[in-house]
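So the structure is just underneath, and the comments pick up after that.
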Amino acid sequence: MAIKDYLRQRYFPHMWCPGCGHGIVLNSLIRAVEALGLDKNEIVMTSGIGCSARISGYVDFHSLHTIHGRALAFATGVKLSKPELKLLVPMGDGDALAIGGNHFIHAARRNIDITAIVMNNRIYGMTGGQFSPLSGVGKKATTAPYTTIDSGFDVVKLSMAAGASFVARTTVYHAIEAVDLLKRAIEHKGFSVVEILSQCPTHYGRKNKEGDAAMMMEFQKNTTAKIGSKALEKDPTLIPRGIFVDNPETPEYCESYDKIIETAMKRSQS
Amino acid sequence: MNNNIKFIQGNEACVEGALYAGINFFAGYPITPSTEVAELLSSRLPEKGGKFIQMEDEIASMCAIIGASLTGHKVMTATSGPGFSLKQEALGYACMAEIPCVIVNVQRGGPSTGNPTHVSQGDVNQAKWGTHGDHSIIALTASNHQDVFAMTVDAFNLAETYRTPVILLFDEVVGHMREKLVVPEKGDIPLVERLRTSVRKGVDYHPYLPREDGRLPMSDFGAEHRYNVTGLFHDMWGFPSNNPKVVRELLHHIVDKIDNNVHTITRYKEHYLEGAEYIMISYGSSARSAIHLARSRRARGEKVGVLELQSIWPFPETLIREKCAGARAVIVVEMNMGQVMRHVKAAVDKPERVFLANRIDGKLITPTNIKTLLRVIQGRGV
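Protein chains in written order, with the numbering used here: chain A, 307 to 576; chain B, 188 to 569.
Structure follows, in structure tokens:
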């Protein structure tokens with residue numbers, strides 16, 4: 307199927323700013339779905355609020371555009387009630403880890419078969435450029451005119467500690483790599499997290515003098531390195547990319563619940 | 188032995204009603220005094236292949252049942268005061284996206300943590316206005332276990348009929364007291380099942396285009412029609428729109444579909460109301476004391492009766508005006524600072540003849556409490 311067949315063309319043009327990285331995530335995601343040969347009817351995309359969340363309106367899947375931070379909670383209801391569906395949950399960094407942080411760690415803890423995609427542009431874009439829990443220290447934002455003093459989360463470490471059974475990181479500069487990681491994440495049975503570093507030239511880039519979209523993507527290229535690469539060995543300050551956890555043996559929540567049903571049914575019949 | 192006769196708590200009667208109605212998904216979070224609902228369903232749902240999940244918080248529970256409703260299941264969550272506050276944003280989402288679901292609120296004393304193990308009826312107005320923006324809601328209540336059962340079944344039926352969240356406003360006394368419940372035979376109470384679209388595959392399906400009768404046939408997530416569900420104002424495909432005409436029409440639709448059917452939705456009971464000069468309006472556990480008082484006054488030849496409300500939202504204004512037209516005085520008996528009383532005053536022809544008999548100290552209002560006020564109104568002294 308052609309890429310455009312996965313899009314609701316009626317709703318284009320999209321609302322993202324020129325140079326936004328989110329369109330590249332959408333592209334990688336659709337290519338991953340296409341490569342896996344998934345039926346559009348078996349996919350439910352659930353999202354919250356923010357620039358990233360609008361992705362669910364543009365794709366021709368079952369789509370559930372919900373409230374801020376709660377996409378994973380809605381997705382949990384969809385998945386547990388109909389486990390044969392594939393759940394894709396794209397989230398912004400604020401959506402996933404500030405207001406939605408509790409749902410994020412608990413979905414990971416349950417290891418429910420949902421793919422969470424954290425589109426990390428380190429800023430609240432839709433509301434006009436306030437700092438997020440992933441901005442990190444020393445950044446400028448409309449609510450940090452004297453620079454931020456809040457430390458950021460490491461999405462990968464947080465996901466691992468919370469119990470996600472598949473954790474990966476890439477950037478929109480590495481769009482081909484992103485396709486591969488998203489494929490692996492979607493195929494994975496259990497809670498999978500893919501952090502994709504994205505750019506917001508309109509708010510983050512401008513305020514922090516990081517240049518235009520091309521320069522910000524160049525920055526993604528220069529400040530990251532593949533796990534196990536010589537570059538990372540030489541310079542451990544680089545942000546590692548690749549798969550950090552891939553544990554298909556961890557029991558998946560819906561499958562575990564099926565066993566509960568089996569036990570309960572036997573007990574009620576005896 | 189007849190297994191249909193049970194001696195149980197009100198919260199258990201609610202569970203029996205939900206199972207009778209066909210619940211197959213429940214998400215919840217522990218909170219007094221509603222926890223028994225979750226505990227029981229964690230055991231009963233998997234026995235019939237249904238799903239129970241204890242979520243990380245109250246908000247998540249509300250979100251999860253909305254997600255599960257979209258795959259075609261009958262869903263419910265249960266909570267109390269603080270939890271009900273937390274659920275409000277997602278409750279508004281269910282109003283806007285028109286998702287059938289049932290929310291049980293076993294009321295306790297508030298505000299804030301309040302009086303967790305004691306009774307109150309302080310969430311009446313919150314049930315209607317807790318979430319932001321114009322909307323309408325259906326809220327039912329009950330004073331005994333047979334009615335808790337019936338209203339729970341009704342809640343599921345109304346949720347499906349009107350594609351809306353329905354709130355079951357119970358209270359701590361009804362939730363925790365024990366009395367008899369006779370579970371009706373299958374088929375005794377009619378059930379409303381999900382209205383699914385007959386639009387065939389490949390034909391444009393409009394999830395948010397109401398039929399002539401105002402109902403919107405649904406399509407399950409995973410079925411052949413793919414569409415968008417959002418909390419933004421949306422067009423007939425469910426896609427976000429801020430077109431003024433779309434916004435106005437959608438808001439009218441979500442309010443009118445309920446408010447214009449107030450006569451169909453209204454549920455009530457009359458106790459000794461024939462020729463009553465003094466009418467008590469009550470609901471939930473406080474109605475038990477009102478009924479008790481009416482019975483004893485009637486035995487002494489006094490014309491005292493009770494209009495028991497079983498649906499509070501949409502507010503049965505016309506019913507109250509008509510039933511109270513000949514009354515010398517109306518006494519609203521409730522365990523709050525007069526939340527229903529204000530609406531009764533607005534409904535009747537003589538608001539100055541409406542009085543409040545209330546108790547707000549966490550104790551069930553007694554027939555004697557009400558009688559004290561009744562004597563004053565009757566001019567029989569203090």
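All C-beta atoms, glycine included, are put in the ideal place defined by N, C-alpha and C.
Taking the alpha-carbon positions, what's the residue i to residue j distance?
i         : j         : result
Pro554(B) : Ser476(B) : 5 Å
Met590(B) : Gly215(B) : Residue 590(B) is absent from the structure shown; chain B starts at 188 and stops at 569.
Lys392(A) : Ile246(B) : 23 Å
Ser441(A) : Val365(A) : 28 Å
Met338(B) : Pro557(A) : 39 Å
Arg482(B) : His371(A) : 54 Å
Cys560(A) : Val485(A) : 26 Å
Val369(B) : Cys357(A) : 53 Å
Asp548(B) : Gln526(B) : 16 Å
Leu386(A) : Glu489(B) : 58 Å
Tyr479(A) : Pro396(A) : 18 Å
Ile290(B) : Pro220(B) : 14 Å
Asp518(A) : Arg428(A) : 15 Å
Gly297(B) : Leu206(B) : 30 Å
Ser471(A) : Val424(A) : 16 Å
Arg413(B) : Pro439(A) : 34 Å
His320(A) : Ile361(A) : 9 Å
Asn312(B) : Ala342(B) : 18 Å
Leu538(A) : Leu257(B) : 46 Å
Ile499(B) : Gln308(B) : 12 Å
Gly496(A) : Ser428(B) : 35 Å
Thr417(B) : Val433(B) : 14 Å
Met242(B) : Tyr465(B) : 48 Å
Glu495(B) : Ile452(B) : 15 Å
Opposite residue i in the DSSP bridges: which residues?
i         : result
Ala450(A) : Ala447(A)
His458(B) : Val493(B)
Gln294(B) : Asp358(B)
Glu501(A) : Val424(A), Arg475(A)
Gly215(B) : Gln241(B)
Gln512(B) : With the sequence shown as reference, residue 512(B) is identified as Ala, and Gln is not the correct amino acid for it. In the DSSP output, where bridge partners are listed per residue, Ala512(B) has none listed.
Val520(B) : Ser469(B), Ala544(B)
Cys288(B) : Pro352(B)
Val350(A) : His368(A), Leu393(A)
Ala265(B) : Val291(B)
Quick one: residues in its chain with C-beta nearer than 6 Å to the C-beta of residue i, no 5 flanking neighbours on either side, listed in chain order?
i         : result
Ala544(B) : Ile518, Val520, Ile557, Leu560
Asn198(B) : Glu223, Val224, Gly362
Ala571(B) : Because residue 571(B) is not part of the residues shown, which for chain B are 188 to 569, the question remains open.
Ala550(A) : Checking the sequence shown, residue 550(A) turns out to be Phe, not Ala. The residues are Val462, Val473.
Asn415(B) : Gly425, Phe426
Arg350(B) : Glu285, Pro287, Leu403
Tell me, to the nearest whole angstrom, how far the beta carbon of residue i is from that of residue j; I am working on the premise that it is less than 8 Å.
i         : j         : result
Ser369(A) : Gly375(A) : The Cβ separation is near 18 Å, so there is no contact.
Ala463(B) : Ala514(B) : 6 Å
Tyr459(B) : Gln497(B) : In fact, because the Cβ distance is near 17 Å, the residues do not count as touching under 8 Å.
Ala414(A) : Ala359(A) : The Cβ separation is near 20 Å, so there is no contact.
Val364(B) : Gln196(B) : Checking the displayed sequence, the identity of residue 364(B) turns out to be Met instead of Val. Between Gln196(B) and Met364(B) the Cβ distance is about 7 Å, and since that is below 8 Å, they are a contact.
Ile210(B) : Lys261(B) : 5 Å
Asp244(B) : Phe271(B) : So it is not a contact: roughly 13 Å between Cβ atoms.
Apart from the five residues just before and just after residue i, which ones in its own chain have a Cβ nearer than 7 Å to its Cβ?
i         : result
Pro397(B) : Leu403, His440
Asp333(A) : With the sequence shown as reference, residue 333(A) is identified as Asn, and Asp is not the correct amino acid for it. So the list reads Ala481, once near-sequence residues are dropped.
Ser323(B) : Ile441, Val442, Ile445, Asp446, Pro501
Leu228(B) : Val202, Phe213, Phe239
Met432(A) : Gly356, Cys357
Val541(B) : Val517, Val519, Met528, Val531, Lys532, Val535
Phe583(A) : Because chain A spans 307 through 576 in this model, residue 583(A) falls outside it and cannot be assessed.
Glu436(B) : none
Lys613(A) : Absent from the structure is residue 613(A), since the part of chain A shown begins at 307 and ends at 576.
Asp321(B) : Leu438, Val442
Near residue i, which residues of its chain fall below 8 Å by C-beta distance, leaving aside the five closest residues on each side in sequence?
i         : result
Leu342(A) : Lys489, Ile492, Glu493
Pro130(B) : The displayed coordinates of chain B run from 188 to 569. Any statement about residue 130(B) would go beyond what the structure contains.
Arg314(A) : Gly363, Tyr364, Val365, Asp366
Inter-stretch contact (C-beta, 8 Å, three-pair minimum) for the region 404 to 411 of chain A and the region 336 to 351 of chain A
no
Counting pairs of beta carbons, one from the region 416 to 432 of chain A and one from the region 381 to 391 of chain A, are three or more of them closer than 8 Å?
yes
Using a Cβ distance threshold of 8 Å, determine whether the region 543 to 550 of chain A contacts the region 471 to 482 of chain A, with at least three qualifying pairs required.
yes
Sufficient close CB pairs (3 or more, under 8 Å) joining the region 302 to 315 of chain B to the region 441 to 453 of chain B
no
Taking 8 Å as the threshold, find out whether the region 564 to 576 of chain A comes into contact with the region 355 to 366 of chain B through three or more Cβ pairs.
no
For the structure I just gave you, are there three or more beta carbon pairs, one from the region 534 to 549 of chain B and one from the region 271 to 289 of chain B, closer than 8 Å?
no
Evaluate the contact criterion for the region 317 to 330 of chain A versus the region 493 to 511 of chain A: three or more CB pairs, one atom per stretch, below 8 Å.
yes
Counting pairs of Cβ atoms below 8 Å between the region 379 to 387 of chain B and the region 316 to 330 of chain B, do you hit three or more?
no
With three or more beta-carbon pairs closer than 8 Å as the criterion, would you say the region 418 to 427 of chain B touches the region 386 to 397 of chain B?
yes
With contact counted as at least three CB pairs below 8 Å, one residue from each stretch, are the region 451 to 462 of chain A and the region 524 to 544 of chain A in contact?
no
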